[in-house]
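Novice:
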Amino acid sequence: MNRVGKHAASSTGDDLELMNMVFELPEKDKMIMWSEGYIDQVIDKLPEYARDTLENRKEKWEDSKAYYEKQLKEIVKQEEFKLIMKGGRKEFALFVMERYPELQSLLFLIYDNHLKDDDLRKFVYRRRFSSRKKYLH
Numbered sequence: 000m001n002r003v004g005k006h007a008a009s010s011t012g013d014d015l016e017l018m019n020m021v022f023e024l025p026e027k028d029k030m031i032m033w034s035e036g037y038i039d040q041v042i043d044k045l046p047e048y049a050r051d052t053l054e055n056r057k058e059k060w061e062d063s064k065a066y067y068e069k070q071l072k073e074i075v076k077q078e079e080f081k082l083i084m085k086g087g088r089k090e091f092a093l094f095v096m097e098r099y100p101e102l103q104s105l106l107f108l109i110y111d112n113h114l115k116d117d118d119l120r121k122f123v124y125r126r127r128f129s130s131r132k133k134y135l136h
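Counting in numbering that gives the first Met the number 0, the sequence shown runs from 0 upward without gaps.
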């Protein structure tokens, strides 16, 4: 939890000080608050007139998450995918790496029945702020 989240969690936090801290944060840190799931707590502690900034960003990130959820549901509905899931892990891995390399981490979580909402949020965060550079070679 970053400094803003800790300040929002404390019961004696000052609204204006919290607002200034939020406005000073870069976009990446605001998205970390969302991906880790404590942005609602920060929004609730902000003054009414300052909530729009984070609420609008949160809505945009939730839309991105919904887009990936929809994509995953469409993939999981496919008959070929269902058959491959019933097979071995090696065949599943080869299938996923060949057809859906960008979604492979989420598809493996589905295969293991461990996909959670937090995983999707972290996936959206990594897609937006990837540390790996993509080159056109």
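Backbone N, C-alpha and C define an ideal beta-carbon position, used for all residues, glycine too.
In this text, all values refer to a predicted model and were calculated from it rather than measured experimentally.
From this set, Tyr66, Asp14, Asp28 and Asp117, which residue's C-alpha is nearest Arg50's C-alpha?
Specialist: Asp14
Novice: Count the other C-beta atoms from every protein chain shown that fall within 10 angstroms of the C-beta of Ala8, then say buried if there are 16 or more, exposed otherwise.
Specialist: exposed
Novice: List, from N- to C-terminal side, the alpha helix (DSSP H) runs of 4 residues or more that fit wholly inside the stretch 2 to 28.
Specialist: Listed in chain order, the complete alpha helix (DSSP H) runs (minimum 4 residues) inside the stretch 2 to 28 are 2 to 8 and 14 to 23.
Novice: Taking its Cβ as the centre, do 16 or more other Cβ atoms sit within 10 Å of Lys115, making it buried, or is it exposed?
Specialist: exposed
Novice: With 16 other CB atoms within 10 Å as the buried threshold, where does Met30 fall?
Specialist: buried
Novice: Looking at C-beta atoms only, is the number of pairs between the stretch 34 to 49 and the stretch 63 to 83 that lie closer than 8 angstroms three or more?
Specialist: no
Novice: Are the stretch 87 to 96 and the stretch 54 to 63 touching, with three or more C-beta to C-beta distances below 8 angstroms?
Specialist: no
Novice: Given Asp118, which residues of its chain have a CB within under 6 angstroms of its CB, disregarding the five upstream and five downstream residues?
Specialist: Leu108
Novice: Please report how far the alpha carbon of Tyr124 lies from the alpha carbon of Trp33, in whole angstroms.
Specialist: 9 angstroms
Novice: Could you pull out every unbroken alpha helix (DSSP H) segment of at least 4 residues lying fully inside the stretch 44 to 94, listed in chain order?
Specialist: Listed in chain order, they are 50 to 76 and 78 to 85.
Novice: Rounded C-beta distance between Gly35 and Met0? I'm assuming under 8 angstroms.
Specialist: Inspection of the sequence shows that residue 35 is occupied by Glu rather than by Gly. Contact flag correct, Cβ pair sits at about 7 angstroms.
Novice: Can you give me the C-alpha to C-alpha distance between Phe128 and Glu78, rounded to a whole angstrom?
Specialist: The straight-line gap from Cα to Cα measures roughly 33 angstroms.
Novice: Verify the CB distance criterion: does Arg56 have a CB-CB separation below 9 angstroms to chain C?
Specialist: Annotation note: the requested chain C is absent from the structure, which comprises a single protein chain.
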